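Report on the structure given below.
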Amino acid sequence: LTGPLAQYGASSVNGVNLAAIHINAQGGLLGGRTMEIVIGDTQTDPQAGVAAAQQLVRIQGVVGLIGALASSVSIPVATSVSAVDGVVQITGASTSPVITMLADNDFLFRTTPHDLVQGQVLGALLRERGYERLAILYVNDDYGKGLAEAIHDTFDSLGGVITRQIPYEPGQASYRGELQAAAAGNPEALIHVAFPGDGIPQIRQALEEGFFDTFIFTDGMKSVEMIETIGASFLNGSIGTAPESIATASSAAFRDGYEAEFGEVPPLPFIDNAYDATFLLALAIQKAGTTDRTAIRDALRSVAGGGGTPIMPGEWAKAVAEIAAGREIDYQGAAGSQDFDEHGDVPGTIGVWTIEDGEIKTLEIRG
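Each residue of the sequence shown is one higher than the one before, starting from 1 at the first, in my numbering.
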């Protein structure tokens with residue numbers, strides 16, 4: 001809720017709360033118990049995130065965790081809290097490939113595809129659009145490193161050249177040194193793997209110093225605030241990628257439910273993923289018939305495993321009835337398929353977006 005990813009925190013909380021609203025309005029958990037959401041702020045910081053998770057799990061006694069947003073926070077939370085205390089953790093936004101093989105005792109899951117998918121889509125897209133020489137500026141954490149490498153590998157394999165691949169440390173007053181280094185070698189544009197808290201100042205400094213005037217973004221910079229702060233005239237025509245579901249009955253059900261509670265769905269990533277994470281956690285509790293943490297984990301794959309009665313967002317009462325009758329259910333996610341594999345990963349699709357007339361618009365969805 002604070003730090004470089006704060007812009008996405010409040011909207012993701014809306015996704016979590018919407019799932020709880022739907023569940024509690026249709027009878028609640030385990031025969032009428034209210035699902036309560038307790039929030040801890042990670043501050044987009046690993047140490048603060050671990051402290052928040054410890055407070056939630058060891059003091060407040062939560063039976064499951066939703067989050068964190070940043071991979072650099074979700075990973076230490078998983079290894080030092082979730083795996084140790086045996087509590088399910090489902091992140092709707094952490095996309096680092098490192099998570100796939102993490103030693104988490106099978107307690108870490110995610111409802112968004114990992115960055116090998118996004119990197120492949122973006123690298124191919126840029127070659128299709130005729131780019132030949134590009135630089136990458138990326139946040140120096142598991143998310144930034146993984147996505148930068150995935151983009152580089154695909155772009156290079158298709159004949160493109162990444163002239164420089166420059167990491168940055170968050171929270172600096174100036175990024176002119178990193179931007180100057182990225183601009184060396186005459187790249188056509190900057191691929192920007194960042195979060196708004198640091199990314200917006202970086203764009204401003206790049207424009208002020210004349211280092212770059214063309215930017216290519218990833219999911220971490222799909223930001224309305226960026227457009228409002230920098231100005232649409234500087235960003236119109238920019239393209240980017242982010243996890244995004246294709247239009248389905250489930251995505252429409254989520255959108256209708258969100259609009260009924262909060263108004264128009266903002267063009268930000270991970271809101272539907274947060275909803276799915278929360279709804280899945282509740283379904284696993286209901287299927288397990290208990291709030292025992294290990295039993296919840298063991299039930300999680302069975303509620304979205306590709307077979308059984310389809311359950312869409314908002315269909316809590318239907319799910320409860322099917323479980324009570326001893327029938328299998330298959331949750332159809334707002335953000336796409338939520339069929340967890342053996343690593344807790346899900347398949348997914350990637351949206352290609354652009355800034356047009358000061359607004360973020362989806363051009364296409366690839367998978």
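Glycine is no exception: its CB is placed at the ideal position from the N, C-alpha and C atoms.
If you're wondering where the values come from, they're calculated on a predicted model, not measured in any experiment.
Endpoints, beta strand (DSSP E) assigned at residue i
i: residue 196; result: Looking at the DSSP string, residue 196 is not in any beta strand (DSSP E); the run it does join, the alpha helix (DSSP H), is 196–209.
i: residue 240; result: 239–243
Three-state secondary structure assigned by DSSP to residue i
i: residue 345; result: coil
i: residue 170; result: coil
i: residue 156; result: helix
i: residue 31; result: coil
i: residue 259; result: helix
i: residue 62; result: coil
i: residue 335; result: coil
i: residue 394; result: This structure cannot speak to residue 394, because the chain is shown only from 1 to 367.
i: residue 291; result: coil
i: residue 377; result: What the structure shows of the chain is the stretch from 1 to 367, and residue 377 is not part of that stretch, so it cannot be assessed.
i: residue 356; result: strand
i: residue 225; result: helix
i: residue 119; result: helix
i: residue 317; result: helix
Paired residues, beta bridge with residue i - DSSP
i: residue 110; result: 91
i: residue 192; result: 137 and 217
i: residue 145; result: None, per the DSSP bridge assignment.
Buried or exposed by the 16-neighbour rule on C-beta atoms within 10 Å, applied to residue i
i: residue 322; result: buried
i: residue 129; result: exposed
i: residue 122; result: buried
i: residue 62; result: buried
i: residue 38; result: exposed
i: residue 421; result: In the structure as shown, the chain begins at 1 and stops at 367. Residue 421 is therefore absent and cannot be evaluated.
i: residue 65; result: buried
Start-to-end residues for the alpha helix (DSSP H) that takes in residue i
i: residue 39; result: Where residue 39 is concerned, there is no enclosing alpha helix (DSSP H), given that its DSSP letter is neither H nor E.
i: residue 271; result: 271–288
i: residue 388; result: Any question about residue 388 goes unanswered here, given that the chain covers just 1 to 367.
i: residue 76; result: 71–77
i: residue 21; result: 6–25
i: residue 187; result: Residue 187 -> no alpha helix (DSSP H), and no H or E assigned at all.
i: residue 46; result: 46–54
Does the structure place the stretch 15–30 close enough to the stretch 190–203 that three or more beta carbon pairs sit under 8 Å? no
For the pair the stretch 245–258 and the stretch 214–222, tell me if three or more CB-CB distances fall below 8 Å. no
Can at least three beta-carbon pairs, one atom from the stretch 12–24 and one from the stretch 164–180, be found at a separation below 8 Å? no
Are there three or more Cβ pairs, one per stretch, closer than 8 Å when the stretch 335–349 is compared with the stretch 101–116? yes
Should the stretch 330–340 be called in touch with the stretch 351–364, which here means at least 3 C-beta pairs below 8 Å? no
Pairs of beta-carbons, one from the stretch 200–208 and one from the stretch 148–163, closer than 8 Å: are there three or more? no
Would you be able to state if there are at least three C-beta pairs under 8 Å between the stretch 255–274 and the stretch 285–296? no
With three or more C-beta pairs closer than 8 Å as the rule, is the stretch 55–73 touching the stretch 86–98? yes
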